[in-house]
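This report concerns only the one structure given below.
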Amino acid sequence: MGRMSLAQSHNPAENTGAALELLDVLCTLLLGAEDELNGLDRAIGDGDHGGNLARASRSLSELRPELAELSMGEAVTRAGRAVVMSVGGASGPLYGTLLMEMGKALPDEPGPGDWAAAFAAGVDGVARRGRSAEGDKTMLDVLAPASRALSEEASADLHEALAAMRAAAEDGFETSRGLRAKRGRAAYVGERSVGHDDPGARSALLCVGAVADFLGENKG
Amino acid sequence: MSVALLIVSHSADVARGTADMARQMAGADLSIAWTGGNPDGGLGTSLAAITEQLEAVWREEGVAILVDVGGAEMNSEMAIEQFDKAKAKKIRICQAPLVEGAIMAAAEAASGGGLDQVCRAAEEFSHA
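Sequences listed follow chains G and X, in order. The working numbering puts the first residue of the first sequence at 352, with every later residue one more than the last. The working numbering puts the first residue of the second sequence at 128, with every later residue one more than the last.
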């Protein structure tokens, strides 16, 4: 069994095992992005976004053996909880809620449409938790269009759906740069946030891109 | 018993100091807890620590939480959601400045105000 595809397996443990490979990819990516994300956050926030996500990644890596025993939905929910417990900054409750709401929405043998629906539920959760909307210059500027694109294409070709998700995430990130922050610490610097990359939008883009790469390589 | 207070700041020093100032206002009988710092002890907040302090001070009369910024409020919300509905209804996050709100809330709690009144006192604070 190699990498996970969005196509379902009838073995729940196999699904979860493949998702753990994706988890490893995301953790390695975020640990490597610590300095970049801290730098972006230092410009318009409190400078700890990279460190916070690195802490989440280390916590998730430690949790790996426990996650391997769970069904997909349980594992994603449990991972979300670990993110909330380990982070300590606003990104903890936000990314944690994303995963916890996704986990709640996932059936035991999720197919592409289930993943798309779960992602949408997660994004709704982030918006509620942060009392935020697209256009506020947050991670939602990336997550919301990415989720919409995946939902629209999920029933068609998987490769196209992933490509559409990535393209929507990139467009959302580019658009977000020119916005003025309305939520989070960056809102305190007001106009000065215009033209800066939002650290949450950046980490969301990194993750969406990595998910698209991982699943795309394993297509078929 | 009177309404209890919980101070949640990114900084343990700020949380502790705010609790000291509130206690000075309200006397030793006030039940006030505080927490600050992320799970590693740096600046931030910890869901586990907030939950622990909430469990310690929870009472029928209610608990008013004063928070500083961003994650402090979201982590406090998530902590509240872990309680059963009946208990959670008696926990409120005040939309008020941390230090000034804590002092006003403490004064109101000490004079026997209910949870609504305590939160209102904090939220209506203005530099007179």
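The beta carbon of each residue, even a glycine, is placed where N, CA and C say it ideally should be. Computed from a prediction, not measured in an experiment: that's the story for all the values here.
Hey, quick one: how far does the beta strand (DSSP E) through residue i stretch, first residue to last?
| i | result |
| --- | --- |
| Val477 (chain G) | Careful: Val477 (chain G) lies outside any beta strand (DSSP E), inside the alpha helix (DSSP H) at Pro463 to Gly481. |
| Thr162 (chain X) | Ile159 to Gly163 |
| Ala131 (chain X) | Ala131 to Ser136 |
| Ala191 (chain X) | Val190 to Val194 |
| Arg219 (chain X) | Ile218 to Cys221 |
Of the choices the options, whose alpha-carbon is the least far from that of residue i?
| i | options | result |
| --- | --- | --- |
| Cys221 (chain X) | X:Leu174, X:Gly154 and X:Ala191 | X:Ala191 |
| Leu421 (chain G) | G:Gly368, G:Val435 and G:Ala471 | G:Gly368 |
| His510 (chain G) | G:Glu460, G:Gly535 and G:Val562 | G:Val562 |
| Glu452 (chain G) | G:Ala467, G:Gly462 and G:Glu460 | G:Ala467 |
| His547 (chain G) | G:Ala515, G:Arg528, G:Gly447 and G:Lys533 | G:Arg528 |
| Ala653 (chain G) | G:Ala520, G:Asp375, G:Cys378 and G:Gly541 | This structure gives no information on residue 653 (chain G), because the portion of chain G shown stretches from 352 to 571. |
| Gly144 (chain X) | X:Leu174, X:Glu188, X:Glu187 and X:Glu227 | X:Glu227 |
| Leu174 (chain X) | G:Leu391, G:Arg429 and G:Gly443 | G:Gly443 |
| Arg219 (chain X) | X:Gly198, X:Ser138, X:Arg247 and X:Gly163 | X:Arg247 |
| Lys533 (chain G) | G:Glu568, G:Ala478, G:Arg499 and G:Ser498 | G:Ala478 |
| Ala419 (chain G) | G:Ala370, G:Glu504, G:Ser506 and G:Ala471 | G:Ala370 |
| Gly163 (chain X) | X:Leu225, X:Ile134, X:Ala149 and X:Met152 | X:Ile134 |
| Asp375 (chain G) | G:Ala407, G:Leu501, G:Asn389 and G:Asp397 | G:Ala407 |
| Leu404 (chain G) | G:Glu504, G:Gly431, G:Glu417 and G:Leu566 | G:Gly431 |
| Gly499 (chain G) | G:Cys558, G:Glu417 and G:Gly523 | What sits at residue 499 (chain G) in the sequence shown is Arg, not Gly. Of the listed residues, the one whose Cα sits closest to Arg499 (chain G) is G:Gly523. |
| Glu568 (chain G) | G:Leu513, G:Ala484 and G:Leu377 | G:Leu513 |
| Ala505 (chain G) | G:Pro463, G:Val545, G:Leu445 and G:Lys455 | G:Pro463 |
| Glu413 (chain G) | G:Ser483, G:Cys378, G:Thr489 and G:Val559 | G:Cys378 |
| Leu388 (chain G) | G:Asp549, G:Leu494, G:Ala484 and G:Gly454 | G:Asp549 |
| Glu460 (chain G) | G:Gly454, G:Met423 and G:Ser502 | G:Met423 |
| Ala149 (chain X) | X:Arg186, X:Ala233 and X:Lys217 | X:Ala233 |
Look at the alpha carbon of residue i and the alpha carbon of residue j, and state the distance between them as a whole number of angstroms.
| i | j | result |
| --- | --- | --- |
| Asp140 (chain X) | Ala538 (chain G) | 25 Å |
| Ala469 (chain G) | Ala552 (chain G) | 20 Å |
| Arg393 (chain G) | Asp399 (chain G) | 7 Å |
| Val130 (chain X) | Ala176 (chain X) | 20 Å |
| Ile395 (chain G) | Ser238 (chain X) | 42 Å |
| Met128 (chain X) | Ala142 (chain X) | 23 Å |
| Ser410 (chain G) | Leu380 (chain G) | 14 Å |
| Gly486 (chain G) | Gly541 (chain G) | 14 Å |
| Val196 (chain X) | Ala223 (chain X) | 11 Å |
| Gly571 (chain G) | Asp508 (chain G) | The predicted position of Gly571 (chain G) is uncertain, since its pLDDT is 41 and thus under 50; no value can be drawn from it. |
| Ala515 (chain G) | Phe252 (chain X) | 50 Å |
| His137 (chain X) | Thr172 (chain X) | 5 Å |
| Arg517 (chain G) | Glu200 (chain X) | 32 Å |
| Ala426 (chain G) | Gly402 (chain G) | 24 Å |
| Gly353 (chain G) | Pro458 (chain G) | Low per-residue confidence applies at Gly353 (chain G): pLDDT is 37, beneath 50, and the placement is therefore not dependable, though the value from the model is reported in the following sentence. Taking the straight line from one Cα to the other gives about 21 Å. |
| Glu235 (chain X) | Ala441 (chain G) | 30 Å |
| Leu449 (chain G) | Ala472 (chain G) | 8 Å |
| Asn202 (chain X) | Arg480 (chain G) | 10 Å |
| Met152 (chain X) | Ala206 (chain X) | 27 Å |
| Gly447 (chain G) | Asp475 (chain G) | 13 Å |
| Met355 (chain G) | Leu373 (chain G) | Residue confidence is low: Met355 (chain G) scores 46 on pLDDT, short of 50, so the model does not pin down where it sits. Its coordinate-derived value is still stated next. Rounded to the nearest angstrom, the two C-alpha atoms are 8 Å apart. |
| Thr178 (chain X) | Leu530 (chain G) | 36 Å |
| Asn366 (chain G) | Val245 (chain X) | 50 Å |
| Val194 (chain X) | Leu225 (chain X) | 6 Å |
| Asp564 (chain G) | Asp465 (chain G) | 19 Å |
| Ala146 (chain X) | Ala160 (chain X) | 7 Å |
| Leu557 (chain G) | Ile230 (chain X) | 43 Å |
| Ala215 (chain X) | Glu188 (chain X) | 12 Å |
| Ala384 (chain G) | Thr428 (chain G) | 24 Å |
| Arg543 (chain G) | Glu250 (chain X) | 29 Å |
| Asp156 (chain X) | Leu132 (chain X) | 12 Å |
| Leu576 (chain G) | Glu417 (chain G) | Chain G is shown only over 352 to 571; residue 576 (chain G) falls outside these bounds and no answer can be derived. |
| Ala456 (chain G) | Ala495 (chain G) | 17 Å |
| Glu503 (chain G) | Asp492 (chain G) | 17 Å |
Start and end of the alpha helix (DSSP H) containing residue i?
| i | result |
| --- | --- |
| Arg409 (chain G) | His400 to Leu418 |
| Arg247 (chain X) | Leu242 to Glu250 |
| Arg432 (chain G) | Met423 to Val438 |
| Thr526 (chain G) | Leu509 to Arg528 |
| Ala175 (chain X) | Leu174 to Val184 |
| Tyr446 (chain G) | Ser442 to Ala456 |
| Asp492 (chain G) | Leu491 to Glu504 |
| Val562 (chain G) | Pro550 to Glu568 |
| Asp140 (chain X) | Ala139 to Ala153 |
| Arg531 (chain G) | Counting along the chain, Arg531 (chain G) falls outside any alpha helix (DSSP H), and DSSP gives it neither H nor E. |
| Arg393 (chain G) | Glu385 to Ile395 |
| Leu225 (chain X) | Leu225 to Ala237 |
| Lys214 (chain X) | Lys212 to Ala215 |
| Glu200 (chain X) | Gly198 to Glu208 |
Practice item. Could you tell me whether the segment 157 to 172 of chain X touches the segment 425 to 441 of chain G, where touching means 3 or more Cβ pairs closer than 8 Å? Key: Output reads yes: the segment 425 to 441 of chain G touches the segment 157 to 172 of chain X.
Point to revise | contact_flag[the segment 205 to 220 of chain X, the segment 172 to 183 of chain X] where n(CB pairs < 8 Å) is 3 or more | key: Yes, they touch.
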